[in-house]
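Residues 125 to 450, numbered by the numbering used here, are exactly what the sequence shown covers, in order. In this text, a Cβ means the ideal position worked out from N, Cα and C, and glycines have one as well.
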Amino acid sequence: MVKLYKKVDNKIQCDLCPNLCKPDNLKFGACNIRKNVDSKIINPYEGIISSSSLDPIEKKPLYHFLPGSKIYSIGFFGCTLKCKFCQNYAISQFAPRAPQAITPEEFVNFLIKNNYKSVAFTYSEPLLYYEWVYKTSKLCKEKGVKTVLVTNGYINPEPANELLNFIDAANIDFKSSKDDFYVEMCSGHLTPVKEFIKIAFNKNVHIELTTLVITDLNDNIEECVEISEFISSLSKDIPYHISKYHPAYKLNKRPTSESTIMEWTMEASLRLNYVYAGNVSFSNDTYCKNCGNILINRDYYTADIKNLNEDGTCRQCLTDNNIILH
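Structure, rendered in structure tokens:
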């Protein structure tokens, strides 16, 4: 596993994410999770889980990966970003309170014992728990358990490259096409996220992207054009989720209108084959990009597979619609 810190100008620098924090001894980085202890960056909360649940995989959201299945989901604490609109701020912006930790070996044994076929690292930012997620994902790969990341993608290329060898699918936040938004609203930058998306795509990880559209902040249709053009430059077949914002944490903007979400969905569909609306009442069925045959019928978090062959192709015209069933 790649080393995640080094000495720079007589300081110890954390190399996990682009923040490149240099905390003093016994101090934490900006994430409040990773800590300098005697010139080593460690996670003193490794293996401490904030929450866990057996979820519909559509809740991640993942619509083209194991549709209709349940996935065992676990969350941690902390985040590499400081989004003012965070929907999970109770665990992402505060340090752990629970003292109980579980080892990767114990956790994978738990999955096997309960016959769980897939696991999602989600809820907060799993990349902060890099060492634990890396070891667990590697063990899962050996045992045939599918692994999913739900992430902001804010990580440096070297650790990303190594971890993604053991990840089957990821939903990655694409919060805005503007770096200014990342700086002002998230205390981060856009470029590292785009790089992570490219790395995951090039390593053949199944990826789906999500944008939370926020009233007056990133809801301009120009952003939709720029984001969908970037996704399309990789593949028109990458599923794209456009989600309605509700007030949370430090942001109290009015909820995004459904008409804005509809406008974004229609605009993105000019460049992408699979565009879905989140937190709204619209239909999110999946249709064959070639013949228009309905492939998956969805009702909120339930999915009814209609016309798919075992290899994920359309039963009517045999077109590959970037759907992984097994």
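Buried or exposed: E249, going by 16 or more other Cβ atoms within 10 Å of its Cβ? Here residue 249 is taken as the residue at index 125 of the sequence shown, counted from 1. Its Cβ being crowded by 16 or more others within 10 Å, E249 is buried.
Find out if the Cβ-Cβ distance for the pair N403, K368 is shorter than 8 Å. Position 279 of the sequence shown, counted from the first residue, corresponds to residue 403. Position 244 of the sequence shown, counted from the first residue, corresponds to residue 368. Yes, Cβ-Cβ distance for N403 and K368 is below 8 Å.
Closer than 6 Å by C-beta to N446: which residues in its own chain qualify, once you throw out the five before and the five after it? Chain order, please. Within the sequence shown, the letter at position 322 stands for residue 446. Taken in chain order, the residues that qualify are H188, D361.
Below 8 Å on the Cβ atoms is my guess for Y258 versus M125; work out the distance and round it to an integer in Å. In the sequence shown, counting from the first residue as 1, residue 258 sits at position 134. In the sequence shown, counting from the first residue as 1, residue 125 sits at position 1. At roughly 6 Å, the Cβ-Cβ gap stays under 8 Å, so Y258 and M125 are in contact.
From what residue to what residue does the alpha helix (DSSP H) around D304 run? Position 180 of the sequence shown, counted from the start, is the residue given in the question as residue 304. D304 -> alpha helix (DSSP H) spans 303-310.
Own chain residues within Cβ distance below 6 Å of K135, not counting five before or after: Within the sequence shown, residue 135 is the residue found at index 11, counting from 1. Taken in chain order, the residues that qualify are K146.
Short Cβ contact (8 Å threshold) for Q440 with N421: Within the sequence shown, residue 440 is the residue found at index 316, counting from 1. Within the sequence shown, residue 421 is the residue found at index 297, counting from 1. Against a cut-off of 8 Å, the Cβ pair of N421 and Q440 comes out as no contact.
Taking C-beta to C-beta, are L333 and H365 nearer than 8 Å? For the purposes of this step, residue 333 is taken as the residue at position 209 of the sequence shown. For the purposes of this step, residue 365 is taken as the residue at position 241 of the sequence shown. Yes, the Cβ-Cβ distance between L333 and H365 is below 8 Å.
In this structure, does DSSP put S300 in helix, strand or coil? On the sequence shown, residue 300 is found 176 positions in, with the first residue counted as 1. Three-state DSSP puts S300 in coil, outside helix and strand.
Which residues DSSP lists as bridging S357, in chain order: As a position in the sequence shown, residue 357 is number 233, starting the count at 1. Partner(s): none; S357 has no beta bridge.
Cross-strand partners of F290 (DSSP beta bridge): Counted from its first residue, the sequence shown places residue 290 at position 166. DSSP lists no partner for F290.
Going residue by residue through the segment 307-391, where are the continuous alpha helix (DSSP H) segments of at least 4 residues, counting only ones entirely within it? 315-326, 345-358
Take every Cβ of the segment 168-176, pair it with every Cβ of the segment 337-350, and state whether three or more of those distances are shorter than 8 Å. no
Flag this pair as yes or no: are the beta carbons of V274 and D292 separated by less than 8 Å? Along the sequence shown, one-based indexing puts residue 274 at 150. Along the sequence shown, one-based indexing puts residue 292 at 168. It is not a contact, given that the beta carbons lie outside the stated cut-off.
Quick one, which of K183, W388, N376, G277 has its alpha-carbon nearest F209's? Taking the sequence shown and counting its residues from 1, one reaches residue 209 at position 85. The shortest Cα separation from F209 among K183, W388, N376, G277 belongs to N376.
What are the residues that DSSP puts in a beta bridge with L273? If you number the sequence shown from 1, residue 273 lands on position 149. L273 is bridged to F245, A294.
Any idea which residues DSSP pairs Q137 with across the strands? As a working mapping, residue 137 is identified with position 13 in the sequence shown. In DSSP, Q137 forms a bridge with K130.
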